[in-house]
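2 protein chains.
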Amino acid sequence: MSGEQHHVVVVGGGFGGLEFTRAMADAPVRITLIDQRNHHLFQPLLYQVATTSLGTSEIAWPIRHLLRREQEVTTLLATVTGVDAKLKCIVLDDGTSIAYDTLVLATGARHSYFGHDEWEEFAPGLKTLEDATTIRRRILLAFENAERDLDEDERQALLTFVIVGGGPTGVELAGTIAELAKEILPGEFRLIDPAQARVVLIEGGDRVLPAFRPELSEYAKSALERLGVTVKLGHQVTACDAEGVKIGETRLPSRTILWAAGVAASPAAEWLGVAADKAGRVIVGDDLTVPGHPDIFAIGDTALVKRPDGRTVPGIAPAAKQEGRHVAETIKARLGGEWSPRPFLYKHEGDLATIGKRAAVIDFGDLSFRGRIAWWLWGFVHIFFLIGLRNRIFVALSWLWTYTTGSRSARLITQGPQPR
Amino acid sequence: MSGEQHHVVVVGGGFGGLEFTRAMADAPVRITLIDQRNHHLFQPLLYQVATTSLGTSEIAWPIRHLLRREQEVTTLLATVTGVDAKLKCIVLDDGTSIAYDTLVLATGARHSYFGHDEWEEFAPGLKTLEDATTIRRRILLAFENAERDLDEDERQALLTFVIVGGGPTGVELAGTIAELAKEILPGEFRLIDPAQARVVLIEGGDRVLPAFRPELSEYAKSALERLGVTVKLGHQVTACDAEGVKIGETRLPSRTILWAAGVAASPAAEWLGVAADKAGRVIVGDDLTVPGHPDIFAIGDTALVKRPDGRTVPGIAPAAKQEGRHVAETIKARLGGEWSPRPFLYKHEGDLATIGKRAAVIDFGDLSFRGRIAWWLWGFVHIFFLIGLRNRIFVALSWLWTYTTGSRSARLITQGPQPR
């Protein structure tokens, strides 16, 4: 690693950080990619780990393995605790610091409880593999405890599953939990009927999947209802505890509450002391640089990116990847002496969401699909975007297996509290 | 579930408890199987989860799913805290109790630190899925931290892996860790050479795999040494802490110590207040009943079973399954009115162990194999004994993939402390 070479430090090995690093492969720079996890996670399928369809190792891969051929890239497993923009270095958890010439912040997001962080312990969100195995444990433990518990009210609460938030994650969780209860588990219990479970999806807005065109939201709602999901639109969760949730003024007893409502950006804006929106995202310039810091870029869920028409770029994988590629092109141009800012233009490729294993909605803007065809299309798209032949083969086989046998492959209760 | 029917309570869904329950399928009884885990674990392959070759969901299945067709069987996820032999009931963690007519204790074993329980936090053993992911995390974190740490001594300690115990588990861990360091990881690190890692296997006796015939032990030792493993025979670990181990009087700095030395039975003997050996195993009669309790059986690692020639039945899966089948036959005979004790005769089918992905040793008594043929035979035997077509297919594919591409499928650092 020659010290003369331009040194790019990338924080975060998600879709944005990884795409950026790969796009820089042929440039005369050395790159240090830092992540606090050793693995890149294929977030779009994380809900399938949480609902027992896929195993943890089928959607995550070691970042350093993905970058093993890029000799100019050094991968470090470490937690970044701050940035010193004056000295142009980042600070790590062990107090050491690393100098950069250019810094790319792709640190992602966590979920937000809108000022009610105390809700988190009762209503876990879904961002990491641990989140997924925690949700998986809670869902499966609810059925197991119901098989033990003879008090009717307690059993009702155990068999009531509340999902807060009607975006793609909430819709996908609700659909797969309903299928688990009504199609996968019946016949395996003797004292309860899992099909009696209630799955309730709560959305504050007037429709699910607000990013999609209205008729697809309508279709998704009825598809969920066909699976037995109760969809409550225009309802706010006003309280959340070990006993259940409060919807407006009514209490709904539940032992399993899942949070799919809001995201909050990682503390990158605080590190830099720059302006952020209320979700904590760095408000970047149209060239994705941090205002006042031409050598610092923010991409993916870390950044708030405005489109020419004033709309914001959505927090989805394709957007993060486009931003990563754009920043790579910008840095390469600069290395060639061209410093004129290059505005980022987001191209929206579409929105996809599944409802169980029979229906999906796809909105390509001018083109849209729904139902079974959409489900297959969704499947192929996700297999295609999975990293590595092995994962494509294994995930495809897992789905084929679940689809044909109706049994799921990863119904494990691990970690954390075992039975009461 | 009619209360008149003979009620058999089985504690433990391992090889013994599961085999017993299945063998009882056609009998006029009702059965309650209780386990504190929701899954049956295929222990013989657990070391492959610990060393990143297999994912957690490939070797574990929900017990109630495996027994879904046995309508007379109720599966409960619960922890048993005691037995009241006078009232003929077991007591659960929530204080409730369940009455039995016949009780089968198949509660398995944990590892034993020979009176040094304080060593456990520094030297985890391998019995549960959590143990496996803990060991996996420690092994992978050692390499990750070495890539960060610039102090040469610290780096040495991080790249030194100590395995205590030369039985099959110790040998298999040592071999697969050596391969990970020397074949899988090189090329993915920039600041360290993983191939420089030291793997040290410490065995108190005068040979590894003491259950095998001497020439196979000799072969296993040289096969390990070919993989770069240092095998120390006739050495005792006298201390174990965060800094490393003490072998006799010499200190060996190491940040990763794995325990494969001893097992201790679950507290079944204490529950009953009956005689146990120093490993805590219930000393059962030759019909596998607990002395003084004709309606209580103990099988698998819970029991110490003597063979006519005075040797003890080994704590391996085939033995537990044979005992499970024998107890089922005994109970069926009793239901038919025949109470004369039926002595259990153990048939030793053989011993198997792998050394990495190229060699194995198999001892069938009159027949023995070693080397590559043995490795393939070992693989087929384990695929065959896996439960369910899906797992056979997926594990076979995982192995084929690792074997041909030389990359492993589950290199995930999850749970517990992330980087320092």
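In the order they appear, the protein sequences are chains A and B.
In the working numbering, each residue's number is its place in the first sequence (first place is 1) plus 1051.
In the working numbering, each residue's number is its place in the second sequence (first place is 1) plus 1051.
For every residue, glycine included, the Cβ atom is placed at its ideal position computed from N, Cα and C.
According to DSSP, is residue i part of a helix, a strand, or is it coil?
i: A/Met1052; result: In this prediction, A/Met1052 scores a pLDDT of 44, lower than 50, which makes its location untrustworthy; the coordinate-derived value is nonetheless stated afterwards. Looking at A/Met1052 - three-state DSSP - the assignment turns out to be coil, as it is neither helix nor strand.
i: A/Leu1437; result: coil
i: B/Ile1464; result: coil
i: A/Arg1249; result: strand
i: A/Thr1102; result: coil
i: A/His1399; result: coil
i: A/Leu1284; result: strand
i: A/Ser1506; result: Absent from the structure is residue 1506 of chain A, since the part of chain A shown begins at 1052 and ends at 1471.
i: B/Val1364; result: coil
i: A/Asp1135; result: strand
i: B/His1377; result: helix
i: B/Thr1456; result: helix
i: A/Thr1158; result: coil
i: A/Arg1119; result: coil
i: A/Ala1129; result: coil
i: A/Arg1471; result: Unreliable placement is indicated for A/Arg1471, whose pLDDT of 38 sits below 50; no coordinate value is reported for it.
i: A/Pro1342; result: coil
i: A/Arg1302; result: strand
i: B/Glu1254; result: strand
i: B/Leu1069; result: helix
i: B/Leu1260; result: coil
i: A/Ala1076; result: coil
i: A/Leu1275; result: helix
i: A/Leu1143; result: strand
Note down the Cα distance separating residue i from residue j, rounded to an integer number of angstroms.
i: A/Asp1204; j: A/Ala1197; result: 10 Å
i: A/Ile1476; j: A/Ala1312; result: The requested residue 1476 of chain A does not occur in the structure, where chain A is confined to residues 1052 to 1471.
i: B/Asp1257; j: B/Gly1285; result: 5 Å
i: B/Glu1121; j: B/Arg1073; result: 8 Å
i: B/Ala1271; j: A/Arg1306; result: 52 Å
i: B/Gly1343; j: B/Ala1354; result: 15 Å
i: A/Ile1308; j: A/Arg1161; result: 17 Å
i: B/Arg1421; j: B/Leu1267; result: 7 Å
i: A/Lys1178; j: A/Thr1132; result: 20 Å
i: B/Ile1464; j: B/Thr1184; result: 8 Å
i: B/Gly1336; j: B/Leu1138; result: 22 Å
i: B/Gly1166; j: B/Ser1317; result: 15 Å
i: A/Glu1055; j: A/Thr1453; result: 54 Å
i: B/Gly1401; j: A/Ile1190; result: 41 Å
i: A/Arg1471; j: A/Tyr1151; result: Below a pLDDT of 50, predicted positions are generally treated as unreliable, and A/Arg1471, at 38, falls in that range; the measurement from the model is reported next regardless. Straight-line Cα distance between these residues: approximately 50 Å.
i: B/Leu1118; j: A/Thr1083; result: 51 Å
i: A/Pro1261; j: A/Val1412; result: 12 Å
i: A/Thr1126; j: A/Gly1299; result: 48 Å
Which bits of chain E does residue i rub up against, with CB to CB less than 8 Å?
i: B/His1116; result: The structure shown has no chain E; the protein chains it does contain are A and B.
Can a CB atom of chain B be found closer than 9 Å to the CB of residue i?
i: A/Leu1210; result: no
i: A/Arg1471; result: Its pLDDT being 38, under 50, A/Arg1471 is placed unreliably by the model, and the measurement read from it follows with that caveat. Judged by the 9 Å Cβ criterion, A/Arg1471 is in contact with chain B.
i: A/Ala1225; result: no
i: A/Ser1053; result: Bear in mind that a pLDDT of 46 at A/Ser1053, under 50, signals an unreliable position, so the model cannot answer this.
i: A/Lys1137; result: no
i: A/Asp1202; result: no
i: A/Trp1452; result: yes
i: A/Thr1465; result: yes
i: A/Pro1113; result: yes
i: A/Gln1373; result: no
Would a check of beta-carbon distances place residue i closer than 9 Å to chain A?
i: B/Phe1445; result: yes
i: B/Leu1180; result: yes
i: B/Gln1056; result: no
i: B/Phe1441; result: Before going further, note that residue 1441 of chain B is Arg rather than Phe in the sequence given. Interface residue, yes.
i: B/Gly1106; result: yes
i: B/Arg1161; result: no
i: B/Gln1287; result: no
i: B/Thr1307; result: no
i: B/Val1061; result: no
Residue i bridges to which residues according to DSSP?
i: A/His1091; result: A/Trp1112
i: A/Trp1310; result: A/Gly1176, A/Val1215
i: B/Ile1082; result: B/Val1059, B/Val1124
i: A/Asp1292; result: A/Gly1295
i: B/Ser1419; result: B/Asp1414
i: A/Val1333; result: A/Ala1327, A/Ala1354
- Task: Just list the alpha helix (DSSP H) runs in the stretch 1219-1249 of chain B, keeping only unbroken ones of 4 residues or longer that don't cross its boundaries, in chain order.
- Result: 1219-1230
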